[in-house]
Structures are given as structure tokens and as C-alpha cells.
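In full-length UniProt numbering, the protein residues as written are 1 to 299.
Structure (C-alpha cells):
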């Protein structure tokens, strides 16, 4: 295999398991599609919840998992078009100086990625204690849009507000942006918290997420990717699909499956179980999700 690995096998390497999504992004082929111009097939990688700065149980390799993920992505035979980090880049701290130190260390580690087209958004661990001030010093705006090969990407910030809201100003910004998109536009939304009420008792919700979903609903082809819950989960609000990503630090229990939202214990017989990241492949002629689960491999 040499120094490169196939896209279909990279998630099982370095002790990090995950899921692969081959996705038409809900209506990839439309009348506006222009093959070879702006709507070519492409894929990107989503990583989430690295919690750099976390120490101790349950992950004895807390200072190594992020580097393993970087190495695995760099080892891909074909590099992704871009990489998206969906929040909680660092672990929370009350010390502003330590928060900046962790953000700086995280930025230095991911600078080793071969792919330089990399996008970041905060999680509540990065931003809730200072309304995203430190995050913005290192990574820029907490909400923004970009376009890639015929897909419109929207990054929403539902963490800088300690109450877990998007807020009226950002919702107005979202409405204005969507007003410029045709009804059949291919739209992908990135958030940290889920936009729907997955399990509000554990803070697995967005207080005004239903308003964002309502704004998105008139568009026929919308897919949402998020983090926060440290596990794979798939949910539909009408025709809008929501997919959560595993974390790079520790897995959390299924919603409501135990009294408290405490990390699942480390299994020395199956190290890195429950950790992972994902590839999302957009294909013009395919509108179904093909999911391949890969086992964790002990290094």
C-alpha cells in the first residue's frame, strides 16, 4: 500500500473507525447541472469534536488521536477537495490564556494537513465562555458561506451564545442568504449542535433551531452535518436529512440511554472504539446515501 491509502479504507487506519457517506446531497442532478464546469463530482472530509486540551480518562491517547486523524487524511490516495471541522476543536477552559494556547496548538497540528482548503467552526467548548472572541482571533468568522462545484455551503453558529441559540441577527442573515438561492439549489449546512430537538435534557438541541429549519424547508435539496453528540446519528425533518459525526476524543451514550451524559469507558480490547470521522462524496448522478461502516483496528 506504500504511503497512500484508498478512500474506502482510510477510516479504519490509525485505530480510528468511522462511516463513509457516498452522497448525492439530496438532488445533485438538476437542470442546472453542467458537467465538467461547476458541478463535477467531489468529496470532502468532516472531522469533529477533537477537544484538544482534554486530559485523562476515558481516552489514554487524548494527545495523539488528532494527529492520527491528520496522518490518515494525509495518507489518502486521492485528497479531498476540502476539510470541514464541525466544532469543539479544543476542550473548554475558564482561563482565557489557556483557551488561546489550546487553539494555537490545534491550529499548528492541523496545519500539517496536505489539504489547505480547510474550514473551521466553533463548538461550545471553543466559544461559549467568550462569545467566540478567541476563536475568531485564530479562525475568523463563526458563521459564513462558501460555494464549491455547484453546492452552496452554509456554516451556522449555534454555540457562541451560551444559551445555545442561533439568534435573531444570524437568522436574518440566513434568511437573506437563502433568498438569493433558487428553490432547487443544492445546499449543505454545517452546525455544531443539532438543529432539531434530539435530546434537550443533554443540551442536544438548538433553542431556535426550528426557525432555521423552517427557513431551509422551502429548498428541496438540503443536507445538514453536525457534531456535538460524539456519535453517528441520522434524522429527518421533512425532506431535510441531518447527520451527526463521531468525535476524535471519546464517544457519548445514545440519547437517553443512561441517566447522565457521561463518556463511554475506554475498551482496552477495542481501543478507539466509537471514535471516527467521515468522508462525504457528492456525485451528480446519484441521490442515495451509501453507508459503509468500518471496524476499528488496533495499531
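Even glycine gets a Cβ: it sits at the ideal position worked out from N, Cα and C.
Residue pairing by DSSP places residue 221 opposite 186 in a beta bridge. If you check the CB distance, residue 123 and residue 86 come in under 9 Å. The Cβ atoms of residue 193 and residue 233 do not sit closer than 9 Å to each other. Residue 229 carries a coil assignment under DSSP once its states are collapsed to helix, strand and coil. By the neighbour-count criterion, in which a residue is buried when 16 or more other Cβ atoms sit within 10 angstroms of its Cβ, residue 121 is buried.
Sequence-distant Cβ neighbours of residue 81 in its own chain, meaning closer than 6 Å and more than five residues away, are 42 and 44. Between residue 48 and residue 274, the C-beta spacing is not below 9 Å. Here residue 272 is near residue 65, since their CB atoms are less than 9 Å apart. Residue 204 sits in a strand when the DSSP states are folded into three classes. In this chain, the beta strand (DSSP E) harbouring residue 147 covers 144–148. Closest in alpha carbon position to residue 201, among 229, 184, 213 and 220, is 229. With a contact defined as Cβ atoms closer than 8 Å, residue 225 and residue 190 qualify at about 6 Å. In this structure, DSSP gives residue 138 a helical state, which the three-state scheme calls helix. Residue burial annotation: residue 236 is exposed, with fewer than 16 other C-beta atoms found within 10 angstroms of its C-beta.
As the crow flies, the alpha-carbon of residue 150 is around 7 Å from that of residue 186.
Inter-residue distance for residue 262 and residue 253 is about 7 Å (C-alpha atoms, whole angstroms).
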